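To start, the structure under review is shown below, and the notes come after it.
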Amino acid sequence: MRNKFDAQLGLLNDMLIEMGALIEKAIALAIDALEKQNTALARQAVAFDAEIDQKEKDIEALCLKLLLQQQPIAKDLRLVSAALKMITDMERIGDQAADISEITLYLAGTPYINKLEHIPQMAEATAKMVTDSIDAFVKKDLALANAVIESDDIVDELFIRVRRDLIQLTRADGENGEQAMDLQMIAKYFERIGDHAVNIAGWVVFSITGKHNKS
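Here it is, written out as C-alpha coordinates:
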(Lines of atoms letter the chains of each structure in order from A; the text may use other names.)
(Lines give C-alpha, C1' and ligand atoms only; values in the text may rest on other atoms or scores of the structure.)
Protein backbone atom coordinates (compact mmCIF):
# COMPACT_ATOMS: atom_id res chain seq x y z
CA MET A 70 0.00 0.00 0.00
CA ARG A 71 2.78 2.43 0.91
CA ASN A 72 4.65 1.67 -2.32
CA LYS A 73 1.52 2.51 -4.29
CA PHE A 74 1.08 5.74 -2.34
CA ASP A 75 4.70 6.74 -2.93
CA ALA A 76 4.27 6.05 -6.65
CA GLN A 77 1.23 8.32 -6.71
CA LEU A 78 3.14 11.03 -4.85
CA GLY A 79 5.81 10.73 -7.52
CA LEU A 80 3.12 11.15 -10.17
CA LEU A 81 1.86 14.23 -8.32
CA ASN A 82 5.34 15.75 -8.41
CA ASP A 83 5.62 15.00 -12.13
CA MET A 84 2.24 16.60 -12.85
CA LEU A 85 3.16 19.70 -10.84
CA ILE A 86 6.40 19.97 -12.81
CA GLU A 87 4.40 19.70 -16.04
CA MET A 88 1.95 22.38 -14.91
CA GLY A 89 4.86 24.54 -13.81
CA ALA A 90 6.47 24.16 -17.22
CA LEU A 91 3.21 25.25 -18.87
CA ILE A 92 2.89 28.43 -16.82
CA GLU A 93 6.59 29.21 -17.27
CA LYS A 94 6.11 28.87 -21.04
CA ALA A 95 2.99 31.04 -20.93
CA ILE A 96 4.85 33.75 -19.01
CA ALA A 97 7.83 33.58 -21.37
CA LEU A 98 5.56 33.90 -24.41
CA ALA A 99 3.67 36.78 -22.81
CA ILE A 100 6.92 38.63 -22.08
CA ASP A 101 8.30 38.02 -25.57
CA ALA A 102 5.04 39.05 -27.21
CA LEU A 103 4.89 42.23 -25.11
CA GLU A 104 8.43 43.34 -25.87
CA LYS A 105 8.20 42.55 -29.59
CA GLN A 106 4.52 43.47 -29.96
CA ASN A 107 4.16 40.08 -31.63
CA THR A 108 0.53 39.04 -31.99
CA ALA A 109 1.30 35.43 -32.93
CA LEU A 110 3.24 34.91 -29.68
CA ALA A 111 0.51 36.66 -27.70
CA ARG A 112 -2.12 34.30 -29.11
CA GLN A 113 0.04 31.32 -28.19
CA ALA A 114 0.26 32.57 -24.61
CA VAL A 115 -3.52 32.97 -24.46
CA ALA A 116 -3.99 29.45 -25.87
CA PHE A 117 -1.90 27.95 -23.04
CA ASP A 118 -4.56 28.97 -20.52
CA ALA A 119 -6.95 26.15 -21.46
CA GLU A 120 -4.17 23.56 -21.13
CA ILE A 121 -3.19 24.97 -17.74
CA ASP A 122 -6.82 24.82 -16.59
CA GLN A 123 -7.05 21.16 -17.60
CA LYS A 124 -3.82 20.34 -15.78
CA GLU A 125 -5.22 21.94 -12.63
CA LYS A 126 -8.30 19.67 -12.86
CA ASP A 127 -6.14 16.57 -13.38
CA ILE A 128 -3.94 17.35 -10.38
CA GLU A 129 -6.94 18.17 -8.21
CA ALA A 130 -8.47 14.79 -9.08
CA LEU A 131 -5.25 12.98 -8.14
CA CYS A 132 -4.95 14.88 -4.84
CA LEU A 133 -8.52 14.04 -3.87
CA LYS A 134 -7.91 10.42 -4.76
CA LEU A 135 -4.84 10.38 -2.50
CA LEU A 136 -6.77 11.97 0.36
CA LEU A 137 -9.81 9.72 0.08
CA GLN A 138 -8.23 6.38 -0.74
CA GLN A 139 -4.82 6.35 0.91
CA GLN A 140 -5.41 7.88 4.37
CA PRO A 141 -2.05 9.69 4.40
CA ILE A 142 -0.05 10.35 7.55
CA ALA A 143 0.39 13.93 8.77
CA LYS A 144 3.45 14.78 6.67
CA ASP A 145 1.94 13.36 3.49
CA LEU A 146 -1.37 15.06 4.24
CA ARG A 147 0.41 18.42 4.43
CA LEU A 148 2.13 17.75 1.10
CA VAL A 149 -1.09 16.85 -0.72
CA SER A 150 -3.00 19.72 0.90
CA ALA A 151 -0.23 22.13 -0.13
CA ALA A 152 -0.37 20.85 -3.70
CA LEU A 153 -4.12 21.54 -3.81
CA LYS A 154 -3.52 25.12 -2.68
CA MET A 155 -0.59 25.59 -5.05
CA ILE A 156 -2.46 24.61 -8.20
CA THR A 157 -5.04 27.33 -7.53
CA ASP A 158 -2.27 29.93 -7.58
CA MET A 159 -0.63 28.28 -10.58
CA GLU A 160 -3.90 28.39 -12.53
CA ARG A 161 -4.30 32.09 -11.72
CA ILE A 162 -0.77 32.74 -12.96
CA GLY A 163 -1.83 31.20 -16.26
CA ASP A 164 -4.88 33.48 -16.31
CA GLN A 165 -2.72 36.52 -15.76
CA ALA A 166 -0.22 35.57 -18.46
CA ALA A 167 -3.22 35.32 -20.81
CA ASP A 168 -4.54 38.69 -19.59
CA ILE A 169 -1.16 40.32 -20.31
CA SER A 170 -1.21 38.88 -23.81
CA GLU A 171 -4.77 40.08 -24.40
CA ILE A 172 -3.61 43.62 -23.66
CA THR A 173 -0.60 43.07 -25.96
CA LEU A 174 -3.02 42.13 -28.74
CA TYR A 175 -5.06 45.27 -28.05
CA LEU A 176 -1.93 47.45 -28.25
CA ALA A 177 -0.63 45.75 -31.41
CA GLY A 178 0.33 48.18 -34.14
CA THR A 179 0.60 51.15 -31.79
CA PRO A 180 4.15 52.19 -30.80
CA TYR A 181 4.79 52.22 -27.07
CA ILE A 182 4.79 55.68 -25.50
CA ASN A 183 8.06 54.88 -23.80
CA LYS A 184 10.77 52.25 -24.04
CA LEU A 185 9.81 49.34 -21.82
CA GLU A 186 12.35 49.10 -19.01
CA HIS A 187 10.98 48.26 -15.59
CA ILE A 188 8.13 46.07 -16.88
CA PRO A 189 10.54 43.53 -18.47
CA GLN A 190 12.54 43.62 -15.24
CA MET A 191 9.35 42.82 -13.32
CA ALA A 192 8.58 40.05 -15.78
CA GLU A 193 12.00 38.48 -15.37
CA ALA A 194 11.83 38.68 -11.58
CA THR A 195 8.35 37.18 -11.36
CA ALA A 196 9.16 34.40 -13.84
CA LYS A 197 12.11 33.41 -11.63
CA MET A 198 9.90 33.49 -8.54
CA VAL A 199 7.43 31.12 -10.19
CA THR A 200 10.16 28.70 -11.29
CA ASP A 201 11.87 28.76 -7.90
CA SER A 202 8.63 28.28 -5.95
CA ILE A 203 7.77 25.14 -7.91
CA ASP A 204 11.36 23.86 -7.69
CA ALA A 205 11.23 24.42 -3.93
CA PHE A 206 8.19 22.15 -3.66
CA VAL A 207 9.62 19.39 -5.83
CA LYS A 208 13.00 19.50 -4.07
CA LYS A 209 11.50 20.18 -0.61
CA ASP A 210 13.90 23.13 -0.39
CA LEU A 211 12.89 25.37 2.52
CA ALA A 212 15.65 27.92 1.88
CA LEU A 213 14.57 28.37 -1.73
CA ALA A 214 10.94 28.82 -0.70
CA ASN A 215 11.91 31.51 1.79
CA ALA A 216 14.06 33.22 -0.84
CA VAL A 217 11.02 33.47 -3.13
CA ILE A 218 9.00 35.08 -0.34
CA GLU A 219 11.75 37.61 0.35
CA SER A 220 12.18 38.50 -3.33
CA ASP A 221 8.63 39.86 -3.54
CA ASP A 222 9.91 43.22 -2.28
CA ILE A 223 11.93 43.60 -5.50
CA VAL A 224 8.83 43.15 -7.65
CA ASP A 225 6.83 45.58 -5.50
CA GLU A 226 9.55 48.22 -5.86
CA LEU A 227 9.64 47.77 -9.64
CA PHE A 228 5.87 48.21 -9.80
CA ILE A 229 6.18 51.52 -7.95
CA ARG A 230 8.77 52.64 -10.52
CA VAL A 231 6.55 51.63 -13.43
CA ARG A 232 3.59 53.53 -12.01
CA ARG A 233 5.73 56.60 -11.33
CA ASP A 234 7.16 56.60 -14.87
CA LEU A 235 3.71 56.25 -16.46
CA ILE A 236 2.24 59.04 -14.33
CA GLN A 237 5.04 61.33 -15.48
CA LEU A 238 4.41 60.45 -19.14
CA THR A 239 0.70 61.12 -18.76
CA ARG A 240 1.33 64.47 -17.13
CA ALA A 241 3.69 65.43 -19.95
CA ASP A 242 1.14 64.49 -22.62
CA GLY A 243 -2.47 63.68 -21.83
CA GLU A 244 -2.79 61.65 -25.03
CA ASN A 245 -0.51 59.06 -23.40
CA GLY A 246 -3.12 58.34 -20.75
CA GLU A 247 -4.95 55.39 -22.32
CA GLN A 248 -1.83 53.40 -23.16
CA ALA A 249 -0.29 54.30 -19.82
CA MET A 250 -3.28 52.69 -18.08
CA ASP A 251 -2.89 49.56 -20.21
CA LEU A 252 0.82 49.30 -19.43
CA GLN A 253 0.16 49.86 -15.74
CA MET A 254 -2.38 47.04 -15.83
CA ILE A 255 0.25 44.77 -17.39
CA ALA A 256 2.64 45.70 -14.58
CA LYS A 257 -0.14 44.98 -12.06
CA TYR A 258 -0.63 41.52 -13.55
CA PHE A 259 3.09 40.81 -13.17
CA GLU A 260 2.91 42.00 -9.57
CA ARG A 261 0.03 39.58 -8.99
CA ILE A 262 2.03 36.75 -10.55
CA GLY A 263 4.73 37.52 -8.00
CA ASP A 264 2.11 37.42 -5.22
CA HIS A 265 0.93 34.00 -6.41
CA ALA A 266 4.53 32.74 -6.46
CA VAL A 267 4.84 33.91 -2.84
CA ASN A 268 1.65 32.01 -2.00
CA ILE A 269 3.08 28.86 -3.60
CA ALA A 270 6.30 29.28 -1.62
CA GLY A 271 4.25 29.74 1.55
CA TRP A 272 2.54 26.41 0.97
CA VAL A 273 5.94 24.81 0.36
CA VAL A 274 6.98 26.07 3.79
CA PHE A 275 3.80 24.56 5.23
CA SER A 276 4.36 21.21 3.52
CA ILE A 277 7.84 20.96 5.06
CA THR A 278 7.38 22.56 8.49
CA GLY A 279 3.63 22.40 9.20
CA LYS A 280 3.61 26.19 9.62
CA HIS A 281 2.23 28.50 6.95
CA ASN A 282 4.19 31.67 6.28
CA LYS A 283 1.55 34.36 5.78
CA SER A 284 3.99 37.22 5.15
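Position 153 of the sequence shown, counted from 1, bears residue number 222 in our numbering, the numbering being contiguous throughout. Quick reminder that beta carbons are idealized off the backbone N, C-alpha and C, glycines included. In this text the structure is predicted, and so the values were computed from the model without any measurement.
What residue from K94, E125, K126 has the CA that sits closest to A114's CA?
K94
**OP:** Let me know the alpha helix (DSSP H) ranges lying completely inside the segment 92-164, each 4 residues or longer, listed in chain order.
**Re:** 108-138
Looking at the unbroken alpha helix (DSSP H) that takes in K209, where does it start and where does it end?
No alpha helix (DSSP H) holds K209; DSSP gives it neither H nor E.
List the endpoints of the continuous alpha helix (DSSP H) containing Y258. 246-278
- Message: Looking at E129: is its Cβ nearer than 9 Å to the Cβ of I156?
- Response: yes
- Below 8 Å on the Cβ atoms is my guess for D251 versus I172; work out the distance and round it to an integer in Å. 5 Å
Rounded separation between A205 and G163 - CA only:
19 Å
| message | Spatial neighbours of W272 within its chain, please: C-beta separation below 6 Å, excluding the five flanking residues on both sides. | response | A151, K154, M155
Measure the alpha-carbon distance for T179 versus V267 and round it to whole angstroms.
34 Å
Judging by CA-CA distance, which residue of A214, Q190, A119 is the nearest neighbour of D101? Q190
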